Structures are given as structure tokens and as C-alpha cells.
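As C-alpha cells, this is what we get:
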């Protein structure tokens with residue numbers, strides 16, 4: 001169906017473009033400096049966790065079960081931190097390692113381990129010739145960068161409403177022994193905001209990989225990050241793996257980066273008995289032991305899953321109005337034009353925006369010109385190459401509501417102008 | 001010169017062995033459980049830093065210069081933490097990255113980066129066929145493990161009184177392009193306790209490596225860890241490199257693991273302008289940003305080098321008597337026998353003990369049998385292979401003075417018995 005600009009007479013369209021260019025000129029004169037680029041909690045959100053800085057002081061007993069907090073040891077993480085992480089991911093603490101403050105760093109280190117040492121007794125990647133990694137796209141740019149940086153070939157996989165296109169995933173994973181992994185954000189996916197359906201999770205759990213060293217990198221970054229009414233329900237991947245008669249297939253990751261403090265949260269990985277034992281062995285060479293004061297503070301402050309959920313409700317109260325504003329501004333500004341679609345997630349940190357083919361780079365460039373920073377167009381695709389050049393990731397959490405409203409107003413004008421120009425160019 | 005047992009008549013020697021075996025039997029009956037295995041601060045030492053847990057609370061402003069502490073960003077480390085680390089290492093903060101809590105982890109990640117991506121534009125190690133790493137031995141077992149785990153060939157280098165044998169180092173580094181690095185603990189070396197002489201540091205700084213991707217891994221772990229009267233003076237390696245007309249040659253590492261809390265300190269790396277820029281680029285893929293609360297707490301608590309030195313004097317007061325006890329017990333128990341030598345360092349965490357050839361494994365096994373845990377014999381050599389089987393690393397800091405005294409008494413008996421038996425076996 002043609003969009004509003006495509007349906008206009010050329011005369012009206014030229015007039016509309018002129019009108020929009022005037023609007024843009026006005027906006028340029030305002031010398032805005034706004035940022036909708038990265039999924040960062042706002043200062044209001046990080047302030048929620050300041051009381052965590054009060055839980056440790058010089059009188060706190062620095063023991064945790066059998067573990068000594070203030071000396072070397074316990075590289076698998078403090079018992080209380082593993083219990084907390086286990087509750088967040090819904091797995092047995094014995095299958096969890098808590099280490100460092102960045103789950104991306106854990107993912108990187110496991111891909112590097114596979115590259116240098118090999119996984120599950122297989123040859124290291126570097127001795128296997130070209131290896132491939134599946135990248136549901138649009139997806140998380142930093143995931144793609146980890147595998148790209150090691151020379152692993154990133155293969156884009158179409159994202160559907162209920163998760164990655166599992167027919168394609170299944171065909172590649174089961175048919176091609178050079179496929180060694182897949183990046184997944186199964187709940188409130190970055191950036192589309194969808195949660196994988198039970199069918200998709202079961203299809204993942206039932207995979208019979210051609211490569212014994214294939215692993216699913218299940219980055220459950222937004223597992224407790226619902227801000228809408230009803231929390232999406234994600235099937236337990238490890239349970240599904242067991243039911244499918246599979247065993248060593250999944251590394252699951254999580255962190256409190258967007259629960260407490262970004263960059264100063266706790267990060268964790270969970271896996272099957274065999275896999276977690278290999279993870280611990282790999283980490284024993286590279287990590288003497290991890291930051292345990294932060295682990296203790298988290299365990300004492302958040303306590304358990306109920307504590308986490310109560311804390312996340314405070315985040316939701318701050319985040320929800322921002323996402324609502326995205327919906328209302330885009331709906332009012334673009335809803336009737338038929339030029340774009342956008343996601344309306346119940347959780348996570350992003351709205352995924354689809355404009356006309358060939359529009360994303362131009363919109364992002366125009367926005368930059370008007371003083372509003374967006375995630376670079378294409379970033380949500382492997383190698384930064386969005387085949388349609390149509391996807392833009394909107395990150396509404398960091399700006400104040402007022403700034404966000406202003407940024408979205410600019411965005412609406414930019415989308416309209418670029419869409420109108422594209423419609424005009426189609427006519428030659 | 002023959003030792004006391006070698007000089008005895010066979011009859012006296014047999015009698016002495018019988019006597020020592022009775023002593024050993026008595027010790028075995030005591031069912032001791034003592035540990036002189038790893039370089040861990042004692043609980044008294046870690047307690048010194050408990051006040052650091054009071055410096056951050058919910059009222060602390062979470063900014064540091066231009067940096068935001070409680071959100072993403074500043075992956076190179078907080079300005080105040082880089083300033084502190086720069087003062088500890090004696091380098092410009094702009095050449096420092098502070099990240100994570102483990103300097104070993106930083107070293108691992110840089111070797112892994114060289115392995116997977118290559119250093120300074122060179123091919124990654126994995127594409128270069130066999131590569132080698134120089135390992136002054138006795139040295140630090142965890143260093144050797146990092147390169148060993150990547151299949152890099154560890155080459156032992158003799159350690160002298162003033163540092164590694166630089167003739168051998170020079171010949172290998174300048175003559176063999178497959179030599180890519182060397183592990184160094186230049187001050188209060190692990191385990192010998194020596195500090196590299198100015199001549200050795202200058203020889204390192206003047207190296208003209210055959211490989212452009214050769215780097216010196218200068219692990220200055222004990223830079224502020226003097227416990228004796230006069231602090232050893234280590235020449236500034238970067239200054240020496242500049243004076244030698246060299247440029248990109250050295251990664252220097254440090255941490256506060258043995259200043260504040262092991263496993264919860266701050267870790268840092270310093271390098272030339274070019275090298276640190278490459279380090280930051282490499283880390284940008286694998287580390288979103290690092291634990292900044294801990295960095296802020298360290299900077300506020302330790303403040304500057306004067307603060308660090310004042311704090312280390314408190315450590316010295318606890319550590320010095322333990323090292324003195326090692327000297328007196330070994331001197332009294334073994335001094336007149338001529339069976340062994342041992343180091344008498346002014347700082348660091350270890351005493352290096354040299355027994356008769358072929359004695360180390362037997363002594364460590366006998367000690368284990370008597371309930372005293374030592375670092376495994378050979379651990380201070382690449383692949384755990386001490387060619388003389390004579391070196392034992394004594395780590396006296398963790399046990400209480402009373403436990404340490406007891407452990408050393410057992411050690412003296414064990415050394416005597418094994419040395420006497422070896423003397424007896426030599427006679428056939």
C-alpha cells in the first residue's frame with residue numbers, strides 16, 4: 001500500500017517537502033543537544049540503588065557461608081550471590097558462576113576460550129578454518145562485535161514476531177558444522193522488545209547441532225525488566241533442553257547492570273553441569289577471583305527474587321512514562337502516514353523503528369545535524385549492514401521526559417522529511 | 001663442598017635418619033593443618049582496609065571529574081583511579097587504564113588479544129605458527145599458566161641475583177622472531193624476592209626485538225610492598241625505554257590486591273601512547289565499562305602515593321615479623337648444615353628456598369603428609385618442571401605467627417630428613 005507521500009500529487013509533495021524543510025531549519029536554529037543513542041538507565045534510575053552503598057561498612061562481617069569475602073578464593077562467586085543469580089535466572093546456584101561486573105565480558109571470554117582452547121574437547125576455533133555465528137537481526141551490536149572481532153563470520157538471521165526464524169536457524173545449526181553459536185536476547189529482545197514464544201524456545205532446546213562445540217548464547221539481560229502491565233513469560237531454556245533430551249547446549253547470561261549500577265553490577269553465567277565445570281576451569285586461568293565486595297553488597301541489598309522484583313517496580317515507574325511517550329509521539333506524528341512501524345514492548349530498553357527502505361541512514365544523519373544523537377543506522381545488523389537500511393533503534397530511558405519529548409518531536413519531522421523526499425525521488 | 005650429612009660416617013648418618021624419622025612420626029601424630037602455600041595477606045592485613053568500606057554511602061556524590069560513576073562510560077577507569085594508579089606505577093595517568101579487580105586478568109586479556117587479533121598490526125599469534133614466551137624461573141606459576149593455556153611455548157630463563165640472565169634474554173629476543181613476550185616481576189620478584197638491578201632494567205629497555213609484536217609483561221605487583229628497612233629501588237622502565245630510544249616495548253601492570261582487598265582491589269595497566277591506545281581499543285570490545293564504585297572507594301580511601309605508603313607501613317608491621325621468623329627458624333634449624341639456601345627479601349610475599357638436588361618434590365610431599373600445605377614443588381617453573389627439583393616457594397604471610405612457627409619447625413625437620421636420605425642414597 002502506498003504511504004501518504006507516495007499518494008500525494010507531485011505538486012503537493014513538493015509543497016510538503018518545502019514545509020518540512022522550513023520546520024527542519026527552525027529546529028536546527030535551536031541548537032539542541034539530546035541523546036537517544038544507548039540503552040542507559042537515567043540518573044533517576046541509578047539513584048534508586050544508592051542505598052546499596054550503605055549496606056557494607058567497616059563493621060560488616062566479611063564472610064558468606066563458607067566463603068571469605070575479603071581475601072582470595074571462591075572464584076565461582078559468593079554463595080549468596082550465586083543464590084541470587086540463580087533465582088534471577090531460575091537455575092540451580094550450583095550451575096551458576098558470578099564473576100565481574102559485565103555479562104558481555106563473560107560472553108567475550110567464553111567465545112575467546114572456544115577460539116583459543118576449544119569447547120567440550122573440540123579443536124579450538126582457530127584450528128577449524130572459517131567458523132560462523134548466527135546473529136538474529138536486528139539485534140545487539142555489541143554481541144555482533146565480539147564475534148566479528150575474532151574473525152568469526154556473522155550470519156544474519158531474520159527476526160520474527162516470536163523470535164528468530166527457527167527454520168533458518170535449524171537448517172544452519174543442524175546442517176553446517178562450522179556454525180558454532182548464536183546470539184540471543186530471548187526476553188524483551190534488543191532492540192525489537194519481543195519475547196521468544198514457547199515454540200521458539202522449544203525449537204532451540206531441541207536443536208541437534210552438527211557441531212559438538214555449538215552453543216546458544218542466551219543473554220537474558222532483561223529477565224526482570226518488565227515496565228508494562230503484564231510481564232512476558234519466557235519458557236525456561238534449561239528445562240526445555242532437558243525435556244528435549246539434550247544436555248550441553250546453552251550458556252545463559254545475566255547481570256544487574258540495569259538493576260543496580262551499570263558498570264558496577266554483578267554478572268553471571270549459567271550452564272549445564274558439564275559446561276559450567278568447563279567454564280570454571282577456563283576462568284581459573286584468567287580470573288584469580290572476582291570482585292566479592294560488590295557481590296556481598298548485592299546479595300545483602302537485593303536479598304532474593306522478591307527483592308529484585310520490588311526494586312524493578314521502582315525502575316518501571318520511571319521508565320514506563322518514557323516508553324508511553326514514544327508511543328504517543330510516534331502515533332500522533334506518524335500514525336496516519338503509513339511510512340513506518342515501531343515496536344511497543346512491555347519491557348527492556350528499546351523501541352525498534354522501521355522506516356521506508358533506504359531511510360535509516362538519512363534519518364540518523366539528519367537527526368545528528370539537528371543535535372539529536374541516535375544509535376548509528378545499521379548498528380543492529382552484523383557488520384553494521386542493514387540490508388533495507390530501514391531499522392533505527394530508539395533508546396528512550398536516559399533522557400528526561402522533557403528532553404525525550406523534544407527529541408521525539410524532532411524525530412517525527414526528520415522521518416517525515418526523509419520519507420517525503422524518498423517518495424519524491426521514486427518519481428525521478 | 002659436601003653438606004653435613006654427606007660428611008658423616010654412614011653409621012652416624014643412618015643413626016641421624018632414624019632419629020629424624022622418630023621426630024617425623026611424632027609430628028605426624030599431631031595431625032597438624034597448616035598452610036604456607038599461597039601469597040595471601042593474613043586476616044589481620046585485610047582488616048586494615050575495612051575503613052575503606054565506610055567511604056562510600058548513599059550520600060556520596062557519584063561523579064569523578066567529568067566521569068559519571070553510577071552509569072556506563074569511562075571504560076579507561078575513573079580519573080581519580082587513573083591518577084592513583086599512575087602515582088603507584090610512576091607513570092602519566094593518560095598512559096594508564098584501570099579496569100576490573102585482577103591484574104592477572106588484564107595480562108591474560110592482552111595475551112589473548114595478541115593471540116586472536118595481533119599486536120601493533122602484526123598477524124595474530126594463531127596465524128604465526130609456534131610462538132614462544134620467556135619465563136624467568138623460578139617465577140610466578142599463574143603467569144606461566146596464562147601462556148601455557150594458549151599453547152604458547154614457555155621457555156625457562158635462569159634467574160640471577162639481579163634479575164633474569166640478560167645475555168640469554170637478549171639473544172633470544174633479538175635473534176628469534178617467534179619470541180613474543182617475557183614475564184617479569186621486577187621488584188620483590190615472585191618467588192626470589194630480588195629486585196632487578198639498574199643494569200638489568202636498562203638491558204630490558206634497550207632490547208631490539210626481532211618480532212615487532214614482542215612485549216615485556218612488567219608485572220610490578222609488589223611496587224609498594226616493602227616490609228624491611230630500606231625499600232629496593234627499581235629503575236623506571238618507561239624512562240629507560242625512552243633513554244634507549246625505544247618506544248612500544250612494555251606493558252606494566254599493578255593492582256591493589258595486596259594493598260586493600262585481594263580479589264576486590266583495582267587493577268591497572270600502563271603502556272606507551274601507541275600501546276595504551278591499542279589496549280583501550282581491544283578492551284572496548286570486551287569490557288563495556290569497569291567496576292567504578294570500587295575505583296571511587298579506592299581513590300577516596302588511599303588518596304595518593306603518600307596514602308598508599310602510609311597504609312603499606314601498617315601491612316609491613318604485620319608482615320615483617322613473619323619474614324623474620326622464617327629467617328630465624330631456617331637459620332637456626334638449617335644454617336650449619338650446608339644443605340640449603342634461601343632468600344632474605346625486603347619486600348613482597350615469598351621466600352625462595354633451594355634444597356639439595358632432587359629434594360623439592362619429596363619435601364613438599366612429606367610436608368603434606370605432616371599436615372602442612374606448601375606450593376607444589378616445581379610450580380615456580382614453566383610446565384611445573386624444576387630441572388633440579390630443588391626450589392620451594394615459602395609463603396609466610398597468611399598463617400598466624402604461632403602457626404607459621406610450627407609449620408617452619410616441621411619444614412626444618414622435613415628438609416633435614418630428605419637431605420639426609422639423599423646423602424645416604426648417594427652412597428648406594
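Protein chains in written order, with the UniProt record's numbering: chain A, 1 to 428; chain B, 1 to 428.
Where is the CB? At the ideal position from N, CA and C, for every residue including glycine.
Please read all numbers here as calculations on a predicted model, not as lab measurements.
> From residue 401 of chain A to residue 227 of chain B, what does the alpha carbon distance come to, in whole angstroms?
Replying inline: Here residue 401 of chain A refers to the residue found at position 401 when the first chain is read from its first residue. Here residue 227 of chain B refers to the residue found at position 227 when the second chain is read from its first residue. Going by the C-alpha atoms only, they are around 57 Å apart.
>> Strictly under 7 Å for the Cβ-Cβ distance: is residue 293 of chain B near chain A by that measure?
In response: Taking the second chain and counting its residues from 1, one reaches residue 293 of chain B at position 293. So yes, residue 293 of chain B belongs to the interface.
>> Can you confirm whether residue 289 of chain B, when its beta carbon is compared against all beta carbons of chain A, has any partner nearer than 7 Å?
In response: Taking the first residue of the second chain as position 1, residue 289 of chain B is located at position 289. By this cut-off, residue 289 of chain B is an interface position.
> Around the Cβ of residue 383 of chain B, are there at least 16 other Cβ atoms within 10 angstroms (buried) or fewer (exposed)?
Replying inline: For the purposes of this step, residue 383 of chain B is taken as the residue at position 383 of the second chain. Classification of residue 383 of chain B: exposed, given that the 10 Å Cβ count is below 16.
> Whole alpha helix (DSSP H) runs in the stretch 212-253 of chain B with 4 or more residues, listed along the chain?
Replying inline: 237-243
>> Please identify the residue among A:291, A:14, A:218 whose C-alpha is closest to the C-alpha of residue 140 of chain A.
In response: Taking the first chain and counting its residues from 1, one reaches residue 140 of chain A at position 140. Cα-wise, what sits closest to residue 140 of chain A is A:218.
>> Judging by CA-CA distance, which residue of B:202, B:150, B:81 is the nearest neighbour of residue 166 of chain B?
In response: As a working note, residue 166 of chain B is residue 166 in the second chain. The option with the nearest alpha carbon to residue 166 of chain B is B:202.
> Can you give, in chain order, each stretch of the beta strand (DSSP E) that sits fully within the stretch 256-308 of chain A and has at least 3 residues?
Replying inline: Whole beta strand (DSSP E) segments, 3+ residues: 267-271.
>> Our contact map puts residue 293 of chain B next to residue 294 of chain A with C-beta atoms below 8 Å; I'd like the distance itself, whole angstroms only.
In response: Locating residue 293 of chain B in the second chain gives position 293, counting from the first residue. Locating residue 294 of chain A in the first chain gives position 294, counting from the first residue. So it is a contact: roughly 7 Å between Cβ atoms.
> Can you list, in chain order, the residues of its chain whose CB lies under 7 Å from that of residue 214 of chain A, leaving out five sequence neighbours each side?
Replying inline: Residue 214 of chain A sits at position 214 when you count from the first residue of the first chain. Excluding residues within five positions, the ones whose Cβ falls inside 7 Å are 173, 179, 180, 181.
> Do residue 313 of chain B and residue 13 of chain B have their C-beta atoms closer together than 7 Å?
Replying inline: Position 313 of the second chain, counting from 1, holds the residue named residue 313 of chain B. Position 13 of the second chain, counting from 1, holds the residue named residue 13 of chain B. Against a cut-off of 7 Å, the Cβ pair of residue 13 of chain B and residue 313 of chain B comes out as no contact.
> In chain order, what residues of the stretch 97-122 of chain A put their CB closer than 8 Å to some CB of chain B?
Replying inline: 100, 101, 102, 104, 105, 108, 109, 112, 115, 116, 117
>> Can you find the residues in the same chain that come closer than 6 Å, C-beta to C-beta, to residue 35 of chain B, ignoring five residues on each side of it along the sequence?
In response: Start at 1 with the first residue of the second chain, and residue 35 of chain B comes out as number 35. The answer, listed in chain order, is 373.
> Where does residue 86 of chain B fall in DSSP's three states?
Replying inline: Within the second chain, residue 86 of chain B is the residue found at index 86, counting from 1. Helix at residue 86 of chain B.
> From what residue to what residue does the alpha helix (DSSP H) around residue 422 of chain A run?
Replying inline: As a first step, residue 422 of chain A is located in the first chain; it is residue number 422 there, counting from the start. Run containing residue 422 of chain A: 401-426, per the alpha helix (DSSP H) assignment.
> Can the beta-carbon of residue 250 of chain B be found less than 7 Å from the beta-carbon of residue 216 of chain B?
Replying inline: As a working mapping, residue 250 of chain B is identified with position 250 in the second chain. As a working mapping, residue 216 of chain B is identified with position 216 in the second chain. Going by C-beta atoms, residue 250 of chain B is nearer than 7 Å to residue 216 of chain B.
> Distance, Cα to Cα, residue 231 of chain B vs residue 72 of chain B?
Replying inline: Sequence index remark: in the second chain, residue 231 of chain B carries index 231 (1-based). Sequence index remark: in the second chain, residue 72 of chain B carries index 72 (1-based). Computed Cα separation, rounded: 40 Å.
>> In this structure, how does DSSP classify residue 52 of chain A when only helix, strand and coil are distinguished?
In response: Here residue 52 of chain A corresponds to residue number 52 of the first chain, with the count starting at 1. Helix.
>> Are the CB atoms of residue 279 of chain A and residue 104 of chain B within a distance shorter than 7 Å?
In response: Along the second chain, read from residue 1 onward, the residue named residue 104 of chain B stands at position 104. Along the first chain, read from residue 1 onward, the residue named residue 279 of chain A stands at position 279. Result no, Cβ atoms of residue 104 of chain B and residue 279 of chain A do not sit closer than 7 Å.
> Is residue 355 of chain A closer than 7 Å to residue 33 of chain A when the C-beta atoms are compared?
Replying inline: The residue given as residue 33 of chain A occupies position 33 in the first chain. The residue given as residue 355 of chain A occupies position 355 in the first chain. Cβ distance not < 7 Å, so residue 33 of chain A and residue 355 of chain A don't count as in contact.
>> Can you tell me whether residue 27 of chain A sits near the ligand ATP, meaning its C-beta is under 6 Å from at least one heavy atom of the ligand?
In response: Among the ligands in the structure shown, none appear at all, so the ligand ATP cannot be discussed.
>> Among B:211, B:418, B:209, B:238, whose alpha-carbon lies nearest the alpha-carbon of residue 220 of chain B?
In response: Counting from 1 along the second chain, the entry for residue 220 of chain B is found at position 220. For residue 220 of chain B, the nearest C-alpha among the options comes from B:238.
> Using a Cβ-Cβ cut-off of 8 Å (strictly less than) and excluding sequence neighbours within five positions of residue 406 of chain B, which residues of its own chain qualify?
Replying inline: Numbered from its first residue, the second chain carries residue 406 of chain B at position 406. Only 32, 34 meet the Cβ criterion.
> What are the start and end residues of the beta strand (DSSP E) that includes residue 362 of chain A?
Replying inline: Position 362 of the first chain, counting from 1, holds the residue named residue 362 of chain A. It is not in any beta strand (DSSP E) - residue 362 of chain A instead sits in the alpha helix (DSSP H) that spans 360-369.
> In the structure shown, what three-state DSSP assignment does residue 35 of chain B receive?
Replying inline: Taking the second chain and counting its residues from 1, the one referred to as residue 35 of chain B is at position 35. DSSP places residue 35 of chain B in strand when its eight states are reduced to three.
>> Please report the distance separating the alpha-carbon of residue 113 of chain B from that of residue 209 of chain A.
In response: The sequence position of residue 113 of chain B within the second chain is 113, counting from 1. The sequence position of residue 209 of chain A within the first chain is 209, counting from 1. So the two alpha carbons sit approximately 29 Å from each other.
>> Distance check for residue 348 of chain A and residue 320 of chain A, CA to CA, integer angstroms please.
In response: Counting from 1 along the first chain, the entry for residue 320 of chain A is found at position 320. Counting from 1 along the first chain, the entry for residue 348 of chain A is found at position 348. C-alpha separation (whole angstroms): 10 Å.
> Closer than 9 Å, Cβ to any Cβ of chain B: which residues of the stretch 149-161 of chain A, in chain order?
Replying inline: 149, 150, 151
>> Between the alpha carbons of residue 25 of chain B and residue 240 of chain A, how many angstroms are there, rounded?
In response: On the second chain, residue 25 of chain B is found 25 positions in, with the first residue counted as 1. On the first chain, residue 240 of chain A is found 240 positions in, with the first residue counted as 1. In a straight line, the C-alpha of residue 25 of chain B is about 57 Å away from that of residue 240 of chain A.
>> Assuming residue 8 of chain A is part of the alpha helix (DSSP H), what are its boundary residues?
In response: As a position in the first chain, residue 8 of chain A is number 8, starting the count at 1. Per DSSP, residue 8 of chain A belongs to no alpha helix (DSSP H) and is neither H nor E.
> Is it true that the stretch 377-395 of chain B meets the stretch 255-272 of chain B, where meeting means three or more beta-carbon pairs spaced less than 8 Å apart?
Replying inline: no
> First and last residue of the beta strand (DSSP E) that includes residue 354 of chain A?
Replying inline: As a first step, residue 354 of chain A must be located in the first chain, where it is residue number 354. From DSSP, the beta strand (DSSP E) with residue 354 of chain A extends over 351-354.
> Is residue 177 of chain B helix, strand or coil by DSSP?
Replying inline: Locating residue 177 of chain B in the second chain gives position 177, counting from the first residue. In this structure, residue 177 of chain B counts as coil in the three-state DSSP scheme.
>> Against chain B, which members of the stretch 21-44 of chain A pass a CB distance test of less than 8 Å?
In response: 38, 40, 41, 43
> Mind checking residue 138 of chain B: buried by the 16 CB within 10 Å criterion, or exposed?
Replying inline: The residue labelled residue 138 of chain B in the question sits at position 138 within the second chain. The residue in question, residue 138 of chain B, is buried, as its Cβ has 16 or more Cβ neighbours within 10 Å.
> Should the stretch 46-65 of chain A be called in touch with the stretch 3-18 of chain B, which here means at least 3 C-beta pairs below 8 Å?
Replying inline: no
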